[in-house]
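Undergrad:
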Amino acid sequence: MDFVLPPLQHFFLLSSLLHELYHLEFTVLQTEEDISAFCSQHCFHPLQKEFTPAGLDEIILQAAPDTIVHTIDYFRIHLMLFTLEQTCIAMGPFCPLLFSQKDACTLLSDSRLHAIGTMEFLSYASACPFLSEKHARNIVRSLLHCIYPYEDDRTIIDLTVNSIQPEKIEESESTRANYALLLEKRYSYEQNFRKNIMEGNQRAALLNLANMEQDVSYLKRIGSTLENEKIGAAISRTTARLAAMDGGLPGITADQISNQNTKDTLAARTVDDILRAKEKMICSYCAAVRATKESQYSVLVQSVLYEIEHKFHQDISLSDLANELAVSKNYLIKRFKTEVGMTPIQYLTDFRLKRAAMLLAEHTLSIQNIANVVGIPDSNYFTKLFKKSFHMTPQQYRKTKII
Numbered sequence: 053m054d055f056v057l058p059p060l061q062h063f064f065l066l067s068s069l070l071h072e073l074y075h076l077e078f079t080v081l082q083t084e085e086d087i088s089a090f091c092s093q094h095c096f097h098p099l100q101k102e103f104t105p106a107g108l109d110e111i112i113l114q115a116a117p118d119t120i121v122h123t124i125d126y127f128r129i130h131l132m133l134f135t136l137e138q139t140c141i142a143m144g145p146f147c148p149l150l151f152s153q154k155d156a157c158t159l160l161s162d163s164r165l166h167a168i169g170t171m172e173f174l175s176y177a178s179a180c181p182f183l184s185e186k187h188a189r190n191i192v193r194s195l196l197h198c199i200y201p202y203e204d205d206r207t208i209i210d211l212t213v214n215s216i217q218p219e220k221i222e223e224s225e226s227t228r229a230n231y232a233l234l235l236e237k238r239y240s241y242e243q244n245f246r247k248n249i250m251e252g253n254q255r256a257a258l259l260n261l262a263n264m265e266q267d268v269s270y271l272k273r274i275g276s277t278l279e280n281e282k283i284g285a286a287i288s289r290t291t292a293r294l295a296a297m298d299g300g301l302p303g304i305t306a307d308q309i310s311n312q313n314t315k316d317t318l319a320a321r322t323v324d325d326i327l328r329a330k331e332k333m334i335c336s337y338c339a340a341v342r343a344t345k346e347s348q349y350s351v352l353v354q355s356v357l358y359e360i361e362h363k364f365h366q367d368i369s370l371s372d373l374a375n376e377l378a379v380s381k382n383y384l385i386k387r388f389k390t391e392v393g394m395t396p397i398q399y400l401t402d403f404r405l406k407r408a409a410m411l412l413a414e415h416t417l418s419i420q421n422i423a424n425v426v427g428i429p430d431s432n433y434f435t436k437l438f439k440k441s442f443h444m445t446p447q448q449y450r451k452t453k454i455i
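Position one of the sequence shown corresponds to residue 53 (the numbering used here), numbered consecutively onward.
(1) Return the chain-ordered list of same chain residues with a C-beta closer than 6 angstroms to the C-beta of R273, the five sequence neighbours on each side being excluded.
(2) DSSP puts M132 in a beta bridge; with which residues?
(3) With DSSP as the reference, please indicate the residues paired to V80 in a beta bridge.
(4) Label D298 either buried or exposed according to how many other C-beta atoms from any shown protein chain fall within 10 Å of its C-beta, with 16 as the threshold for buried.
(5) Go to L211, then tell me how far its beta strand (DSSP E) extends in each direction, as first and last residue.
(6) Of the choices T158, S161 and C180, whose alpha-carbon is the least far from that of G144?
(7) Rounded to whole angstroms, what is the Cα-Cα separation between N432 and S336?
(8) Give me whichever residues DSSP pairs with F182 in a beta bridge.
(9) State the Cα-Cα distance for the pair S380 and K345, rounded to the nearest angstrom.
(10) Quick test of your reading: C91 and L70, contact by CB under 8 angstroms. State the CB separation rounded to the nearest angstrom.
(11) Would the beta-carbon of A286 fall within 8 angstroms of that of I249?
(12) Could you tell me whether the segment 73-93 touches the segment 172-187, using the rule of 3 or more Cβ pairs below 8 angstroms?
(13) Could you tell me how far apart the beta carbons of I360 and P396 are, in whole angstroms, since I believe they sit closer than 8 angstroms?
(14) Would you mind working out which of C157, L405, G284 and L133 sits nearest I191, comparing C-alpha positions?
(15) Near K439, what residues of its chain come up, given a Cβ to Cβ distance below 6 angstroms and the 5 sequence neighbours on each side ignored?
(16) Determine the direct distance from the alpha carbon of E279 to that of S288, and round the result to whole angstroms.
(17) Pick from L211, D210 and L195: whose alpha carbon is nearest that of D204?
(18) Between which residues of its own chain and F146 is the CB-CB distance below 7 angstroms, once the five residues before and five after are set aside?
(19) DSSP on E203, reduced to helix/strand/coil?
(20) Decide if R128 is buried, meaning its Cβ has at least 16 other Cβ atoms within 10 Å, or exposed.
(21) Should H94 go down as buried or exposed, given a rule of 16 or more other Cβ atoms within 10 Å for buried?
(22) How many angstroms separate the CA atom of T291 from the CA atom of K389?
(23) Relative to the C-alpha of H197, which residue among L136, T401 and T317 is closest?
(24) Going along the chain, which unbroken runs of the alpha helix (DSSP H) with 4 or more residues stay wholly within the segment 282-323?
(25) Quick check: what's the CA-CA separation for E391 versus N382?
(26) Can you give the Cα-Cα distance for L373 and K330, rounded to whole angstroms?
(27) Let me know the secondary structure DSSP gives A340 once reduced to three states.
(28) Distance, Cα to Cα, S240 vs I334?
(29) Roughly how many whole angstroms lie between the Cα atoms of Y126 and L159?
(30) Name the two residues that bound the continuous alpha helix (DSSP H) containing M394.
(31) Cβ of Y74 versus every heavy atom of the ligand COA: is any distance shorter than 7 angstroms?
(32) Could you spell out where the alpha helix (DSSP H) holding G107 opens and where it closes?
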């Protein structure tokens, strides 16, 4: 007999997946406290009667077991409600419109909402996932079909709550309360982003980066140039670098990661290229912070190790590195040998040869190409070093790895 999950448990699993895919929120509205909390989170202005406790109660009454209720508020924000085991579930809010700055300005002007700025409204609207009404209907029907595979499709009821006339709304500072909450939410993302990098928490840092990108998505809808994105990347780069250093990352290592991101961003040809460069930078910072926290080496030695392991294919000057670290070359060598058990040059050579061995085993590159890749361009010298370390030539080593 097949095991069947209870409907609500099945729902929580599926809704979690849908949230990951579409940023769609699913909220259980079972008590007055649930309804009040939902309205406090999503109501931007009293004109949105659908997002007031009284208005939402009116909608919930229409959510019968065989129906799905769909409603649109004054600002064209959509919400869908349905029941599972006598429990009301809200899907949304979501918005199928890409408001331009002109659209928002016209809507607010026609509504006589002079106390609300265009950017404030766009920030609120963009916090809602962009989803067409047709797509939303398909999602909720597919969700219910997965939970109740033998149930007929539910009827979708389009419901409009009695609207409030704009002229009857008294503008006051209280109407901006939810905008203040939006600002708090934005700052929370930024603070969490910094904290994640300080802790080396890559997954959480990338999630908060996505949240921050979503939070300013209205600017992209208005129109974003590649240069604007590069400016935004510079801000993210500075924030991440400072957070990583607060997390204990040596300054020289933080600068190396930052410099690489600068190069990647300048070379970017699309907005997606810039986003990928940001994600790569965050992964590098988090990995480096974790390695620093877990390392038994001093900050000085960690900086040298990072330089070697990330620039082994280049010419590395110990004199230049010592100058960057504000120590003498002799002190750097002595400290490194004391902690690691070999000199920086010995460690660099060993690292290059181990990387070469990996390439010999996994790739069909020529010996000369592999020598170039690992930073030893003289193939004869490379072969001599390899044989001394592995007691066989590169060709012989490759043959031992062929299956």
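Just so you know, even glycine gets a beta-carbon here, dropped at the ideal spot from N, CA and C.
TA: Reading off the structure:
(1) By one-based count along the sequence shown, residue 273 stands at place 221. Caution is warranted here: a pLDDT of 46 is assigned to R273, below 50, making its placement in the model unreliable, and the coordinate value is therefore given only provisionally. Closer than 6 angstroms at Cβ, skipping near neighbours: L150.
(2) Here residue 132 refers to the residue found at position 80 of the sequence shown. Answer by DSSP bridge pairing, in chain order: H122 and M143.
(3) Taking the first residue of the sequence shown as 1, we reach residue 80 at position 28. Beta-bridge pairing links V80 to I141.
(4) Within the sequence shown, numbered from 1, the residue matching residue 298 stands at position 246. Per the 10 Å Cβ criterion, exposed.
(5) Taking the sequence shown and counting its residues from 1, the one referred to as residue 211 is at position 159. L211 -> beta strand (DSSP E) spans T207 to L211.
(6) Here the question's residue 144 lines up with position 92 in the sequence shown. Minimum Cα distance to G144 is reached at C180.
(7) In the sequence shown, the residue the question calls residue 432 occupies position 380. In the sequence shown, the residue the question calls residue 336 occupies position 284. Answer to the nearest angstrom: the Cα atoms are 35 angstroms apart.
(8) For this step, residue 182 is matched to residue 130 along the sequence shown. According to DSSP, F182 bridges with C147.
(9) Translated into positions along the sequence shown, residue 380 becomes position 328. Translated into positions along the sequence shown, residue 345 becomes position 293. The alpha-carbon atoms of S380 and K345 are separated by roughly 26 angstroms.
(10) As a position in the sequence shown, residue 91 is number 39, starting the count at 1. As a position in the sequence shown, residue 70 is number 18, starting the count at 1. In fact, because the Cβ distance is near 22 angstroms, the residues do not count as touching under 8 angstroms.
(11) Within the sequence shown, the letter at position 234 stands for residue 286. Within the sequence shown, the letter at position 197 stands for residue 249. Not closer than 8 angstroms, so no.
(12) yes
(13) Reading the sequence shown from its first residue, position 308 is the one you call residue 360. Reading the sequence shown from its first residue, position 344 is the one you call residue 396. About 7 angstroms separates the two Cβ atoms, so the contact holds.
(14) As a first step, residue 191 is located in the sequence shown; it is residue number 139 there, counting from the start. Answer by Cα proximity: L133.
(15) Start at 1 with the first residue of the sequence shown, and residue 439 comes out as number 387. Answer for K439: T445, listed in chain order.
(16) Within the sequence shown, numbered from 1, the residue matching residue 288 stands at position 236. Within the sequence shown, numbered from 1, the residue matching residue 279 stands at position 227. When rounded, the distance between both Cα atoms is 14 angstroms.
(17) As a first step, residue 204 is located in the sequence shown; it is residue number 152 there, counting from the start. Taking only the C-alpha atoms, the option nearest D204 is L195.
(18) Counting from 1 along the sequence shown, the entry for residue 146 is found at position 94. Correct list, in chain order: L76, H130, C180, P181, L183 and A188.
(19) Here residue 203 corresponds to residue number 151 of the sequence shown, with the count starting at 1. In the structure shown, E203 sits in coil (DSSP, three-state: anything other than H, G, I, E or B).
(20) If you number the sequence shown from 1, residue 128 lands on position 76. Classification for R128: exposed.
(21) For the purposes of this step, residue 94 is taken as the residue at position 42 of the sequence shown. With 16 or more other Cβ atoms within 10 Å, it is buried.
(22) The residue given as residue 291 occupies position 239 in the sequence shown. The residue given as residue 389 occupies position 337 in the sequence shown. Between T291 and K389, the C-alpha separation is close to 34 angstroms.
(23) If you number the sequence shown from 1, residue 197 lands on position 145. That would be L136, whose Cα lies nearest to the Cα of H197.
(24) 303-319
(25) Counting from one through the sequence shown, the residue named residue 391 turns up at place 339. Counting from one through the sequence shown, the residue named residue 382 turns up at place 330. The alpha-carbon atoms of E391 and N382 are separated by roughly 14 angstroms.
(26) Numbered from its first residue, the sequence shown carries residue 373 at position 321. Numbered from its first residue, the sequence shown carries residue 330 at position 278. Distance between the alpha carbons of L373 and K330 is about 26 angstroms.
(27) For the purposes of this step, residue 340 is taken as residue 288 along the sequence shown, with counting starting at 1. Reduced to three states, the DSSP call for A340 is helix.
(28) Taking the first residue of the sequence shown as 1, we reach residue 240 at position 188. Taking the first residue of the sequence shown as 1, we reach residue 334 at position 282. Straight-line Cα distance between these residues: approximately 18 angstroms.
(29) Numbered from 1 along the sequence shown, position 74 holds the residue referred to as residue 126. Numbered from 1 along the sequence shown, position 107 holds the residue referred to as residue 159. When rounded, the distance between both Cα atoms is 10 angstroms.
(30) Position 342 of the sequence shown, counted from the start, is the residue given in the question as residue 394. Unbroken run through M394: none, as it is neither H nor E.
(31) Of ligands this structure carries none, so the ligand COA is not represented either.
(32) The residue given as residue 107 occupies position 55 in the sequence shown. Its alpha helix (DSSP H) spans residues P105 to I112.
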